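Input: a single structure, listed below in structure tokens.
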Amino acid sequence: MKEENRPEAKNPMEGFLRMDRIPHIWCPGCGIGTVVTSFAEALKKSKLDLNKVAVCSGIGCTGRVAGYIKLDSFHTTHGRAVPFATGLKLANPELKVVVFSGDGDIVGIGGNHFIHAARRNMDIVVICVNNFNYAMTGGQVAATTPIDANASTAPYGNFEFPFSLPYLAEASGATYVARWTALHLRRVTKSIQEALAKPGFSFIEVITPCVTLYARRNRLGDGLNLLKYYYEKSEIQHGADTRTLDISYQGKLIVGKFVDKEKPTFLDAMNQHMTKIFGDKYVKYGE
Amino acid sequence: MKKLTADPKGVLTGSHYLDGDFSIAEGGLAAGCRFFAGYPITPSTETAERFAERIPSVGGIFIQMEDELGSIAAMIGASWGGKKPMTVTSGPGFSLMMENIGLACMMETPLVIANVQRGGPSTGLPTLTGQQDMMQARWGSHGDYEIIALAPDSPQECFDLTIQAFNLAETYRVPVFVMTDECVGHMHEKVVIPPAEEIELVERKWYEGPKDKYLPYKADKDGVPFMVKAGEGYLFHTTGLTHDERGYPVINAECQHETVPRLSDKITNNADKIMIIEEEETDTAEVVVVSYGITSRVAIRAVRFAREAGIKVGTLRLKTVWPFPEKRIKQLATKIKAFVVPEINYGQVVLEVERCAAGKASTYHVPHMGGWVHDPLDILDVIKEAVK
Chain D
32 MKEENRPEAK
42 NPMEGFLRMD
52 RIPHIWCPGC
62 GIGTVVTSFA
72 EALKKSKLDL
82 NKVAVCSGIG
92 CTGRVAGYIK
102 LDSFHTTHGR
112 AVPFATGLKL
122 ANPELKVVVF
132 SGDGDIVGIG
142 GNHFIHAARR
152 NMDIVVICVN
162 NFNYAMTGGQ
172 VAATTPIDAN
182 ASTAPYGNFE
192 FPFSLPYLAE
202 ASGATYVARW
212 TALHLRRVTK
222 SIQEALAKPG
232 FSFIEVITPC
242 VTLYARRNRL
252 GDGLNLLKYY
262 YEKSEIQHGA
272 DTRTLDISYQ
282 GKLIVGKFVD
292 KEKPTFLDAM
302 NQHMTKIFGD
312 KYVKYGE
Chain L
7 MKKLTADPKG
17 VLTGSHYLDG
27 DFSIAEGGLA
37 AGCRFFAGYP
47 ITPSTETAER
57 FAERIPSVGG
67 IFIQMEDELG
77 SIAAMIGASW
87 GGKKPMTVTS
97 GPGFSLMMEN
107 IGLACMMETP
117 LVIANVQRGG
127 PSTGLPTLTG
137 QQDMMQARWG
147 SHGDYEIIAL
157 APDSPQECFD
167 LTIQAFNLAE
177 TYRVPVFVMT
187 DECVGHMHEK
197 VVIPPAEEIE
207 LVERKWYEGP
217 KDKYLPYKAD
227 KDGVPFMVKA
237 GEGYLFHTTG
247 LTHDERGYPV
257 INAECQHETV
267 PRLSDKITNN
277 ADKIMIIEEE
287 ETDTAEVVVV
297 SYGITSRVAI
307 RAVRFAREAG
317 IKVGTLRLKT
327 VWPFPEKRIK
337 QLATKIKAFV
347 VPEINYGQVV
357 LEVERCAAGK
367 ASTYHVPHMG
377 GWVHDPLDIL
387 DVIKEAVK
């Protein structure tokens with residue numbers, strides 16, 4: 032059999048990836064690719080018109096996702112993928128807009144944008160790959176680094192309280208909130224599918240191994256060791272109170288779908304409100 | 007390039023008594039802007055307020071963002087979604103926008119930012135005038151790029167030049183700044199808004215070839231690539247990283263040398279087409295007063311006094327400040343004794359005049375630290391000094 036005809040030579044995700052940009056830059060053992068696979072799988076299952084799906088990323092390892100996905104894709108600036116997505120979605124409400132970025136990008140530098148997009152119930156899907164550190168720049172401490180974990184700018188261990196992302200998302204107004212790890216491939220796929228189908232601000236956190244930096248600095252082993260940790264310490268608790276989801280260093284990981292509720296999106300609220308004020312004179316935006 | 011006329015829905019045809027800030031909003035609406043993302047900041051808020059009030063009857067989006075970082079990010083997103091976006095701000099907000107002004111330049115995204123300047127640095131003089139952001143407009147974001155900046159001197163020009171700003175942004179796929187100031191922003195004057203069919207608009211060059219052949223950053227003859235919007239099946243990629251014609255990141259010196267000069271060249275090579283300057287009596291002048299915005303109106307009085315005193319003085323008003331009318335200043339420098347440059351800052355545009363004069367004519371600055379406009383007599387004193 033010719034090399035290029037061998038089954039393993041053909042990437043099952045080919046239709047969803049910019050194959051002319053493969054191989055990607057992610058390290059062996061990294062979990063980002065796994066989440067991309069789940070995303071592609073979810074897209075496939077969603078039956079969405081792929082011409083109408085756009086991906087926005089910020090900066091960082093996960094920020095590179097936009098560059099590999101074969102959709103209209105925007106690699107924006109650090110922390111600004113969410114407001115970029117806001118503008119894109121409002122300019123063309125027909126689009127399904129997905130923000131795919133890392134914890135440092137979305138809740139570190141982009142935290143303000145994140146909470147406000149959630150507050151407005153902006154109709155976007157936010158997939159946040161959380162690897163507990165700033166990986167692209169060399170493993171610095173992040174807003175998600177568990178207490179006592181070591182990072183290059185916390186060489187004696189982290190003592191700052193980290194964010195619990197599902198709690199932050201729910202408190203800010205998100206209408207769909209889930210957390211999984213890179214081990215829960217099937218469930219990540221399902222969550223992304225649900226989020227794609229749901230109007231409003233959907234947030235999915237996926238905890239992933241950063242083997243090269245976070246794991247190495249903390250002597251946690253390789254990708255497999257981290258998956259083993261997820262396997263042993265994760266516990267599915269759908270509907271859990273998001274106030275109880277703090278993550279301690281190598282501690283329990285409560286995962287599941289925590290929030291799935293109905294609320295008018297930004298555009299629905301705007302159109303409803305303006306119709307209330309102006310009556311039939313008002314032409315609903317985006318319709 | 008598609009030439010169009012304005013959509014009557016956004017055009018408030020008639021004679022109005024408006025301030026500069028309102029006129030910017032009306033100019034934007036007349037130019038077809040249907041997406042405004044902004045954050046309140048004195049002395050620019052009236053533009054945002056006017057937009058918020060008018061948008062439900064015109065159709066479009068007004069969104070008050072969480073900050074100026076978000077405002078400009080949303081505008082870039084909206085521009086790629088097919089809208090003509092604008093915002094308004096002042097010094098501190100303009101500083102925050104610098105990050106994504108760079109992204110807009112790199113992604114070659116049309117958008118318009120009006121800066122109603124106030125005194126700085128920092129919080130400075132929130133309610134009082136200044137022209138201290140002129141160099142920031144040119145150089146504020148990191149890296150090498152060119153933008154376009156216009157400087158209206160009246161509410162009427164706020165209207166006219168905002169339309170012009172959109173036409174330039176669409177033509178060159180670049181951020182365009184309307185650099186006004188608190189004085190013009192809050193000045194009420196007669197503003198005539200023409201009928202929609204008399205307002206000529208330009209739309210970005212949309213790509214119309216086969217979908218799989220589209221190269222987002224392949225430059226056309228004028229140096230400007232064709233654009234598409236999201237959602238049309240082009241499945242394109244764009245990035246703030248140095249990129250090739252496909253929009254794919256290429257992190258090396260060759261690609262940097264290939265890509266980045268064009269961001270400047272597409273403006274500088276077309277500078278003659280972009281430039282709008284107004285001259286009076288420069289042919290016979292010994293001294294030329296170079297000014298822009300509110301200061302050019304103050305300078306008129308100084309020039310009148312100087313002419314009464316028998317001094318041959320001409321005026322050159324920059325309606326386009328960036329790109330700078332380099333050729334014209336160089337020409338004039340060989341014929342006149344001196345340039346006098348009054349501006350409400352400690353020396354910004356004067357440096358460009360001095361550079362272009364290159365010692366062939368002297369250059370005099372008339373600084374003013376902001377808070378108010380020049381006393382015409384101060385400008386007159388410098389004209390008298392310059393002609394000696």
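Sequence order for the protein chains is D and L. Per this note's numbering, residue 32 is the first one in the first sequence, and the count goes up by one each step. Per this note's numbering, residue 7 is the first one in the second sequence, and the count goes up by one each step. Beta carbons: idealized from backbone N, C-alpha and C, even for Gly. All values reported here derive from a predicted model rather than from experimental measurement.
Exercise. Can you check whether the CB of G26 (chain L) is closer than 9 Å to the CB of V190 (chain L)?
Worked result: Residue mapping note: residue 190 (chain L) aligns to position 184 of the second sequence, counting from 1. Residue mapping note: residue 26 (chain L) aligns to position 20 of the second sequence, counting from 1. Result yes, Cβ atoms of V190 (chain L) and G26 (chain L) sit closer than 9 Å.
Problem set entry | Boundaries (first-last residue) of the alpha helix (DSSP H) holding Q224 (chain D) | Counted from its first residue, the first sequence places residue 224 (chain D) at position 193. Unbroken alpha helix (DSSP H) run through Q224 (chain D): 216 to 228.
Exercise. If you check the beta carbons only, do E284 (chain L) and K217 (chain L) fall under 9 Å apart?
Worked result: Translated into positions along the second sequence, residue 284 (chain L) becomes position 278. Translated into positions along the second sequence, residue 217 (chain L) becomes position 211. Against a cut-off of 9 Å, the Cβ pair of K217 (chain L) and E284 (chain L) comes out as no contact.
Exercise. Using the beta-carbon of each residue, which ones in chain L are nearer than 7 Å to Y165 (chain D)?
Worked result: Here residue 165 (chain D) corresponds to residue number 134 of the first sequence, with the count starting at 1. In chain order: nothing, as chain L lies at least about 18 Å away.
Exercise. Given K366 (chain L), which residues of its chain have a CB within under 7 Å of its CB, disregarding the five upstream and five downstream residues?
Worked result: Within the second sequence, the letter at position 360 stands for residue 366 (chain L). Excluding sequence neighbours, K366 (chain L) sits near A339, T340.
Problem set entry | Contact list for M44 (chain D) against chain L, beta-carbon separation under 7 Å | By one-based count along the first sequence, residue 44 (chain D) stands at place 13. Ordered by position in chain L, no residue passes the 7 Å Cβ test against M44 (chain D), which lies about 15 Å from the chain.
For this session: Using the Cα positions of A43 (chain L) and P295 (chain D), report the straight-line distance between them to the nearest angstrom.
Result: Counted from its first residue, the second sequence places residue 43 (chain L) at position 37. Counted from its first residue, the first sequence places residue 295 (chain D) at position 264. Approximately 21 Å between the Cα atoms of the pair.
Exercise. By the criterion of Cβ-Cβ separation under 7 Å, what are the contact partners of I69 (chain L) in chain D?
Worked result: As a first step, residue 69 (chain L) must be located in the second sequence, where it is residue number 63. Under the 7 Å cutoff, chain D gives L121.
Exercise. Is any beta-carbon of chain D found at less than 9 Å from that of W86 (chain L)?
Worked result: Locating residue 86 (chain L) in the second sequence gives position 80, where the first residue counts as 1. So, interface residue.
Exercise. Does DSSP put P222 (chain L) in a helix, a strand or coil?
Worked result: Here the question's residue 222 (chain L) lines up with position 216 in the second sequence. Looking at P222 (chain L) - three-state DSSP - the assignment turns out to be coil, as it is neither helix nor strand.
Problem set entry | Among L:I342, L:F330, L:L117, L:M81, nearest to L357 (chain L) - alpha-carbon criterion | Position 351 of the second sequence, counting from 1, holds the residue named residue 357 (chain L). Nearest of L:I342, L:F330, L:L117, L:M81 to L357 (chain L), Cα basis: L:F330.
Exercise. Hey, how far is the Cα of E332 (chain L) from the Cα of V234 (chain L)?
Worked result: Walking along the second sequence from the start, residue 332 (chain L) turns up at place 326. Walking along the second sequence from the start, residue 234 (chain L) turns up at place 228. Whole-angstrom Cα-Cα distance: 34 Å.
Exercise. Thinking C-beta only, is P181 (chain L) closer than 9 Å to T115 (chain L)?
Worked result: Against the second sequence, residue 115 (chain L) aligns to sequence position 109. Against the second sequence, residue 181 (chain L) aligns to sequence position 175. Yes, Cβ-Cβ distance for T115 (chain L) and P181 (chain L) is below 9 Å.
Problem set entry | Rounded separation between T53 (chain L) and P201 (chain L) - CA only | Residue 53 (chain L) sits at position 47 when you count from the first residue of the second sequence. Residue 201 (chain L) sits at position 195 when you count from the first residue of the second sequence. Cα-Cα distance, rounded: 21 Å.
Problem set entry | Residues, ordered as in the chain, of the stretch 100 to 119 of chain D that lie near chain L by beta-carbon distance below 9 Å | I100, K101, L102, D103, S104, F105, H106, T107, T108, H109, G110, R111, A112, V113, P114, F115, A116, T117, G118, L119
For this session: Anything in the stretch 82 to 116 of chain L with a Cβ closer than 9 Å to a Cβ of chain D? List those residues in chain order, please.
Result: I82, G83, A84, S85, W86, G87, G88, K89, P91, E105, N106, G108, L109, M113
Exercise. Taking the beta strand (DSSP E) that W328 (chain L) falls in, what are its first and last residues?
Worked result: Indexing the second sequence from 1 puts residue 328 (chain L) at position 322. Taken as a continuous stretch (DSSP letters only), the beta strand (DSSP E) holding W328 (chain L) covers 326 to 328.
For this session: Specify the secondary structure class of P234 (chain L) as computed by DSSP and reduced to three states.
Result: Residue mapping note: residue 234 (chain L) aligns to position 228 of the second sequence, counting from 1. For the record, residue 234 (chain L) in the displayed sequence is Val; it is not Pro. Three-state result, V234 (chain L): coil.
For this session: Just the chain D side, please: which residues come within less than 7 Å of L134 (chain L) by C-beta, in chain order?
Result: The residue labelled residue 134 (chain L) in the question sits at position 128 within the second sequence. Simply none; closest approach about 29 Å.
Exercise. Y262 (chain D) to M32 (chain D), Cα distance in whole Å?
Worked result: Sequence index remark: in the first sequence, residue 262 (chain D) carries index 231 (1-based). Sequence index remark: in the first sequence, residue 32 (chain D) carries index 1 (1-based). In a straight line, the C-alpha of Y262 (chain D) is about 38 Å away from that of M32 (chain D).
Problem set entry | Three-pair Cβ contact test at 8 Å for the stretch 112 to 125 of chain D versus the stretch 184 to 197 of chain D | no
Problem set entry | The alpha helix (DSSP H) enclosing Y316 (chain D), as first and last residue numbers | Counting from 1 along the first sequence, the entry for residue 316 (chain D) is found at position 285. Run containing Y316 (chain D): none; DSSP gives neither H nor E here.
Exercise. What did DSSP end up calling L109 (chain L) once you bin it into helix, strand or coil?
Worked result: Locating residue 109 (chain L) in the second sequence gives position 103, where the first residue counts as 1. Reduced to three states, the DSSP call for L109 (chain L) is helix.
Problem set entry | Length at least 4, wholly inside the stretch 7 to 89 of chain L: the alpha helix (DSSP H) runs in chain order | 26 to 36, 51 to 64, 74 to 86
Exercise. Taking the alpha carbon of E264 (chain L) as the point to measure from, which residue in L:G299, L:I282, L:K224, L:Q337 has its own alpha carbon closest?
Worked result: By 1-based counting over the second sequence, the position of residue 264 (chain L) is 258. Here the closest residue by C-alpha is L:K224.
Exercise. To which residues does DSSP link D187 (chain L) through a beta bridge?
Worked result: To locate residue 187 (chain L), count along the second sequence from 1; it is residue 181. Looking at the DSSP assignment, D187 (chain L) forms a beta bridge with L:Q123.
Problem set entry | Supposed close pair V197 (chain L), S29 (chain L) - CB separation, criterion 8 Å | Taking the second sequence and counting its residues from 1, the one referred to as residue 197 (chain L) is at position 191. Taking the second sequence and counting its residues from 1, the one referred to as residue 29 (chain L) is at position 23. That pair is a contact at about 5 Å.
Exercise. Looking at chain D, which residues of the stretch 27 to 54 of chain L have a Cβ within less than 9 Å of any of its Cβ atoms?
Worked result: R40, F41, A43
Exercise. With a cut-off of 8 Å, do at least 3 Cβ pairs link the stretch 200 to 213 of chain D to the stretch 50 to 58 of chain D?
Worked result: no
Exercise. For a contact meaning CB atoms closer than 8 Å, what does A85 (chain D) contact in chain C?
Worked result: Any reference to chain C falls outside this structure, whose protein chains are D and L.
Exercise. When you compare only the Cα positions, how much space is there between K75 (chain D) and Y187 (chain D)?
Worked result: Taking the first sequence and counting its residues from 1, one reaches residue 75 (chain D) at position 44. Taking the first sequence and counting its residues from 1, one reaches residue 187 (chain D) at position 156. Rounded to whole angstroms, K75 (chain D) to Y187 (chain D) spans 45 Å at the Cα level.
Exercise. Does any C-beta atom of chain L lie closer than 9 Å to the C-beta of E125 (chain D)?
Worked result: Within the first sequence, numbered from 1, the residue matching residue 125 (chain D) stands at position 94. Answer yes: the Cβ-Cβ gap between E125 (chain D) and chain L drops below 9 Å somewhere.
Exercise. Among residues of its own chain, excluding the 5 on either side of G215 (chain L), which ones have a beta-carbon nearer than 6 Å to its beta-carbon?
Worked result: Taking the first residue of the second sequence as position 1, residue 215 (chain L) is located at position 209. So the list is empty, once near-sequence residues are dropped.
Exercise. What does DSSP give as the partner residues of H243 (chain L) in its beta bridges?
Worked result: Start at 1 with the first residue of the second sequence, and residue 243 (chain L) comes out as number 237. Looking at the DSSP assignment, H243 (chain L) forms a beta bridge with D:S104.
Exercise. Start and end of the beta strand (DSSP E) containing K217 (chain L)?
Worked result: Taking the second sequence and counting its residues from 1, the one referred to as residue 217 (chain L) is at position 211. Segment: none, K217 (chain L) is in no beta strand (DSSP E) and carries neither H nor E.
For this session: With a threshold of 16 other CB atoms inside 10 Å of the CB of G231 (chain D), please say whether the residue is buried or exposed.
Result: Numbered from its first residue, the first sequence carries residue 231 (chain D) at position 200. Answer is buried; the Cβ neighbour count reaches 16.
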